[in-house]
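Student: Here the protein sequences come in this chain order: R and L.
Okay, so the first sequence: first residue is 5 according to our numbering, each after it adds one.
Okay, so the second sequence: first residue is 91 according to our numbering, each after it adds one.
For every residue, glycine included, the Cβ atom is placed at its ideal position computed from N, Cα and C.
Before we start, here is the structure in question, set down as C-alpha cells.
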Amino acid sequence: MEKILEVNKLTKVFGKGCPNCFDKTGPELDTNVCPDCGSVVAAHELSFDLYKGEILGIMGESGSGKSTVVKNLFFDQEPTSGHAIFYDDDKQYDLFSLNAAQKRHLRNHRFGMVYQNPHLGLNFGISSGGNIAERLLMNDLRHYKEIRERARELLERTEVLTNRMDELPGNFSGGMQQRVQIAKALAINPPLLFLDEVTTGLDLSVQAKILDLILEIQQEMNTAMIVVTHDLGVVRLLAGRTIVMKYGRIIESGLTDQILEDPQHAYTQRLVASAL
Amino acid sequence: MTAMRQAKAVYPFGFLDEYAKKEVRRTVLKAIAIPGYQVPYSSREMPMGRGFGTGGLQLTLSLIGSNDTLKVIDQGSDDSVNAVNLRSFIEMTCEGINTTDVTDEADLIQSRHRIPEKPLREDQLIILQVPYPDPLVVVEPSEDKRKVMHGEADYSRLLVKLYEDIVQFDEITISHRYPTRINHHYIIDPSPIPRWDVPKLHQSKALILLGAGREKKIYAVPPYTDAEPLAFDDVPFRVENFIDQHGKRRACDRCGDTTSFLDEFTSSDGNKVYQCSDSDWCREQLQKKGA
C-alpha cells in the first residue's frame, strides 16, 4: 500500500513551556498540565502513518489531544515541534515547513476538513451552493455552469435536497448542515480528508446515515481519512486502524478489531468496558 | 479676497508642508511599483471632512507644479459642488496653475467617480477619489486578514459574491466599484466609477492614481498595465448598454451622441431624460455638430 501521510514526533504545547513539561505530564501522572510552568501538553511526540484509501481512527476522551492532531495537520494550529510528510502522487511536502501560500494551496487543493460544528466549516452568510462554489473557486474553476452542476451533484450525493441548494445553511437542520459540510469538503475530490467529531450531537438515525455516507465515499473515491471521535461505535464502523490517546500521548494503536476485542492498556480496557 | 491673501501668506504652495508632499510622492512611487497594491500613508488633515475627496486632493496637491493645467470633475461634470469647491481650493493654494474644463488641455485630472470619455494620453495623469479602497471589505471585516488574502491573491470569496448574484438575479449586479484585477495579482476597488469606465483602466496610456484619504491608502494602475474585471468564463463582464424598450441605443438629449455614458434624470414635466454624464464630451459633440 502506498503511504500518503507520515507524522513523526508531532508535539504541541500551549503555553510557554519548560524543560520539565514532558516529564511531569502524561497518562501515568494523570495530567497534561505541567506543574512547573502551567503549560498544557496537548500532544507529545505523536508518530503514525496513513495509507491511501485508509481510514484511521483517533479515539480518546475530551482533552486528550485528538483534535489537536488534525488541527495541526490542517494548519489551523502550528505545532511546537515535529514533522509531517504528505505524499502527493510523485511530490512530497514537509507540512510544517511550508510557507503560508503553500499551506493555503494544500488546504484548498488537496485536503478536506469536516468540523464538529458546521459553523466552523461553512459560511452561514452565503447559500449552501455558494459554500461549495467557494471551494471550487479556490480550486481555480471559473465556469459558472460547471460550478453549479458540480455543486448540485455533490449535494445530491450527500442527500441534501438540491432544490434547497440556494438556501442559507442556517435554514437547515444540524444533520443537513453536516451533510453540506461534507459535500463542501469533498468538492475537490481531496486525497486526504479530516473528520473531527462529525457525528457528535446528532441523533442516532442521522448519525448512522452520515457514517454510511462517509463509508460509501471512502469506497467510491478511495479517500484517506483521519476520523477523530470519542465514540467507540464510530471507530468500530469506520476505522481499519485506531490510535487511542490520553493526555497528549498515544497509549495504544493497532487494528481496530484488536483494540476493541483485546485492549492492552488499562485505560483502553476501561473505555471498552464502559461502552454501552 | 482677504481670506485668499491670508491663505497665501500662511500656507506653502500646495497647502501641504514639504514633508507631507514628499511622503505622498514616495507612496505614489511604491504604488506604481506594485500595481494595485494599497500602500498605506499618513493621510493629513485637510480643511474639509474626510470622505469629501481628501485622498484625491492630497495627491493633486503633492503632484501639481506651477505650470500645470488642472481639470477637476465630479461625476463627469466640471460644475458640480464637489468639483467647484476642490478646484477653487487648489487655485487658492497653488499659485500659478491653470485650470480648464477641456479634457484635452489638462495635465492633471482629479475626478470623482468618472473617467473622461475622451481617451487619455501618455502625458496626462488622472487622480480618482476613493471612498472604500478595499474590495475585500464586503467579505472580510478584519483588515489584518484582508492583507493576508491580498498577499496570497486569495479572492475566491469575492467570486462567491458574484456567484450568489448570478444565482439570484441571473447576472452580476455590481453597478459601480467593480472589483478589477490589476497586473494579474491584486484586485482593486476602482473607486465608484460605473462599469462603463472599467475597461478604460486596461492598458491605459495615462497613469491612474487612486487616493483614499479617510482610509489612508494610495494605489495605482500604471500605464500599459492589464486590468481585468472579475467574471466567470461563461458569464463575462459587460458594461451598461443603455438600450430602451424598443431595443434602440439611447442618445444624449443634448448632443445626440450614442457612444457615451448617460445620466438619467426626470425633467420638470415628469419625463425621463438622458444626457451625457461627461459634460466636456457633450460640449465637444455639440461643437462638432455646429461646425
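Tell me whether the beta-carbon of Leu197(R) lies closer than 7 Å to the beta-carbon of Gly64(R).
Tutor: Result no, Cβ atoms of Leu197(R) and Gly64(R) do not sit closer than 7 Å.
Student: Could you give the residue range of the beta strand (DSSP E) that holds Ile199(L)?
Tutor: From DSSP, the beta strand (DSSP E) with Ile199(L) extends over Leu198 to Arg202.
Student: Chain R partners of Glu254(L), CB-CB under 7 Å?
Tutor: Simply Ile130, Ser131 and Gly134.
Student: How far does the alpha helix (DSSP H) with Cys372(L) in it reach, from first residue to last?
Tutor: Unbroken alpha helix (DSSP H) run through Cys372(L): Ser369 to Gly380.
Student: If we cut at 7 Å on Cβ distances, does His147(R) have a partner in chain L?
Tutor: Judged by the 7 Å Cβ criterion, His147(R) is in contact with chain L.
Student: Would you say Val250(L) reaches chain R, if we count a Cβ-Cβ gap shorter than 7 Å as a contact?
Tutor: So yes, Val250(L) belongs to the interface.
Student: Please name the residue or residues paired with His266(L) in a DSSP beta bridge.
Tutor: Pro284(L).
Student: Three or more beta-carbon pairs under 8 Å between the region 300-320 of chain L and the region 236-244 of chain L, yes or no?
Tutor: No, the region 300-320 of chain L is not in contact with the region 236-244 of chain L.
Student: Between Pro280(L) and Val288(L), how many whole angstroms is the CB-CB distance? I'm expecting something under 8 Å.
Tutor: Contact holds; Cβ gap of about 6 Å.
Student: Measure the Cβ-Cβ separation of Val118(R) and Gln185(R) and say whether it is below 7 Å.
Tutor: Their beta carbons are under 7 Å apart, which means Val118(R) touches Gln185(R) by this criterion.
Student: Grab me the residues of Val45(R)'s own chain with a C-beta within less than 7 Å of its C-beta, minus the 5 sequence neighbours each way, in chain order.
Tutor: Once the five neighbours on either side are set aside, the close Cβ partners of Val45(R) are Val17, Cys25, Phe26, Thr29, Asn36, Cys38 and Gly252.
Student: Write down every uninterrupted run of the beta strand (DSSP E) in the region 114-197 of chain L whose length is 3 residues or greater and which is fully enclosed by it, in chain order.
Tutor: If we require 3 residues or more, the beta strand (DSSP E) runs fully inside the region 114-197 of chain L come out as 159-164.
Student: With a threshold of 6 Å on Cβ separation, who are the neighbours of Pro267(R) within its own chain once the five nearest residues in sequence on each side are excluded?
Tutor: Answer for Pro267(R): Gln273 and Val276, listed in chain order.
Student: At a CB-CB cut-off below 9 Å, which residues of chain R make contact with Phe259(L)?
Tutor: Ordered by position in chain R, no residue passes the 9 Å Cβ test against Phe259(L), which lies about 12 Å from the chain.
Student: Does the beta carbon of Met117(R) sit closer than 7 Å to a beta carbon anywhere in chain L?
Tutor: Chain L, which has no Cβ nearer than 7 Å to the Cβ of Met117(R), makes this no.
Student: What is the rounded straight-line gap between the Cα of Pro194(R) and the Cα of Leu217(R)?
Tutor: Each residue's alpha carbon lies about 16 Å from the other.
Student: Which of the three DSSP states, helix, strand or coil, is assigned to Asp53(R)?
Tutor: Note: Asp53(R) maps to strand in three-state DSSP.
Student: Please confirm whether Gln219(L) and Thr150(L) have their CB atoms less than 7 Å apart.
Tutor: Cβ atoms of Gln219(L) and Thr150(L): not closer than 7 Å.
Student: How far does the beta strand (DSSP E) with Gly133(R) in it reach, from first residue to last?
Tutor: Where Gly133(R) is concerned, there is no enclosing beta strand (DSSP E), although the alpha helix (DSSP H) it sits in stretches over Ser132 to Met142.
Student: Would DSSP call Ala189(R) helix, strand or coil?
Tutor: Helix.
Student: In terms of alpha-carbon separation, which member of Gly57(R), Asn103(R), Ser51(R) and Thr162(R) lies closest to Ser132(R)?
Tutor: Nearest of Gly57(R), Asn103(R), Ser51(R) and Thr162(R) to Ser132(R), Cα basis: Thr162(R).
Student: Express the C-alpha separation of Ala296(L) and Ala425(L) in angstroms, rounding to a whole number.
Tutor: Chain L is shown only over 91 to 381; residue 425(L) falls outside these bounds and no answer can be derived.
Student: For Lys28(R), does the three-state DSSP call read helix, strand or coil?
Tutor: If DSSP states are grouped into helix, strand and coil, Lys28(R) belongs with coil.
Student: To the nearest angstrom, how far is the alpha carbon of Leu153(L) from that of Asp191(L)?
Tutor: Approximately 19 Å between the Cα atoms of the pair.
Student: Please list, in chain order, all residues of the same chain as Lys56(R) whose beta carbon is under 8 Å from its beta carbon, the five residues on each side excluded.
Tutor: Excluding sequence neighbours, Lys56(R) sits near Met5, Glu6, Lys7, Ile8, Pro195, Asn226 and Ala228.
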